[in-house]
Structures are given as C-alpha cells and as structure tokens.
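Undergrad: In the numbering used here, the protein residues as written are 5 to 134.
Even glycine gets a Cβ: it sits at the ideal position worked out from N, Cα and C.
What follows is a structure written as structure tokens; I'll ask about it next.
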C-alpha cells in the first residue's frame with residue numbers, strides 16, 4: 005500500500021491511497037464468501053461452489069467488488085494510523101479507480117483554538133453578604 009499525504013483547506017488532510025495486488029490477496033476470500041451465498045451454479049448446492057468456478061464464471065473483479073467495503077474500511081484505518089493523524093470525525097472516502105484500487109481519504113482535523121492570556125484578566129473578590 006502506498007499513500008501520499010497533502011493538506012487541504014479548512015483543516016483537512018487528503019490521503020491518496022494506491023493498493024497493489026498483494027494488498028488485495030486476503031480480500032478475495034472475503035469476497036468469495038459473500039458472493040457464493042448470493043448465487044447458484046448448476047451442479048452445486050447454493051453456497052458450495054468452489055472458488056475457481058466462481059472466478060471463471062464471474063471474474064476476479066466481481067469477487068473483489070463484494071469485498072470492497074472491507075477493503076476500504078481496513079485500508080483507510082491503516083493509512084490513518086501510518087500517517088499519525090487524529091480526526092474527530094469519520095473520514096470521507098472517494099473511490100478513484102477500481103482496477104487497481106485507488107481512493108482518496110479526506111480527513112477533517114480538529115480545529116486549533118487560541119486562548120487569550122488568563123493572567124491579564126482582573127476579577128474582584130466577592131464580599132460575603134452577611
């Protein structure tokens with residue numbers, strides 16, 4: 005996984021993430037498990053067709069698209085951890101390309117608050133009303 009960090013306006017950071025095939029390998033199994041439950045293939049019970057048959061009939065892209073939510077969720081949190089950023093809101097994710105997977109994470113940062121000098125504030129001591 006490669007990512008590039010750039011600053012946006014209004015206290016936002018943009019992370020452009022590029023995933024290669026080795027990053028996606030574990031997600032083919034997840035996508036297969038989701039897809040095999042939805043489809044029926046003649047000669048196999050529903051949910052029991054082997055991976056290579058599903059891949060030959062539907063293609064790797066279809067299998068991967070079933071796992072896209074998992075991919076974006078996992079890789080987003082991984083990129084945020086690696087960049088050492090802290091956000092106070094969930095990030096916005098924009099999918100740029102599917103094959104190979106490229107997406108952008110827009111992460112709002114906490115606003116900076118500048119406090120005035122407390123020592124310059126004069127207060128009068130309250131008198132007891134007794």
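By DSSP's criteria, residue 69 is part of a beta bridge. Which residues make up the other side?
TA: Per DSSP, none; premise fails for residue 69.
Undergrad: If you draw a straight line from the alpha carbon of residue 48 to that of residue 99, how long is it in whole angstroms?
TA: 35 Å
Undergrad: Check whether the segment 52-66 and the segment 80-91 are in contact - that is, three or more C-beta pairs closer than 8 Å.
TA: no
Undergrad: Can you name the start and end residues of the alpha helix (DSSP H) that residue 60 belongs to?
TA: Secondary structure note for residue 60: its alpha helix (DSSP H) is the uninterrupted segment 55-62.
Undergrad: Roughly how far, in whole angstroms, is the beta-carbon of residue 109 from the beta-carbon of residue 19, given that I think they are within contact range, below 8 Å?
TA: Yes, they are in contact, since the Cβ atoms of residue 109 and residue 19 sit about 4 Å apart, within 8 Å.
Undergrad: As a quick exercise: from 44, 60, 115 and 70, pick the residue whose alpha carbon is nearest that of residue 37.
TA: 70
Undergrad: What is the rounded straight-line gap between the Cα of residue 4 and the Cα of residue 130?
TA: Nothing about residue 4 can be read from this structure; the chain reaches only from 5 to 134.
Undergrad: Using 10 angstroms around the beta-carbon of residue 107, count the other beta-carbons present and answer buried if the total reaches 16, otherwise exposed.
TA: buried
Undergrad: Based on the DSSP output, what are the partners of residue 91 in its beta bridges?
TA: According to DSSP, which records beta bridges pairwise, residue 91 is partnered with 113.
Undergrad: Please tell me whether residue 23 and residue 105 are closer than 7 Å, where the distance is taken between their beta carbons.
TA: yes
Undergrad: Is DSSP giving residue 106 helix, strand or coil here?
TA: strand
Undergrad: Taking only three categories from DSSP, how would you classify residue 8?
TA: Of the three classes helix, strand and coil, the one that applies to residue 8 here is strand, per DSSP.
Undergrad: Looking at C-alpha atoms only, which residue of 119, 113 and 73 is the closest neighbour of residue 11?
TA: 113
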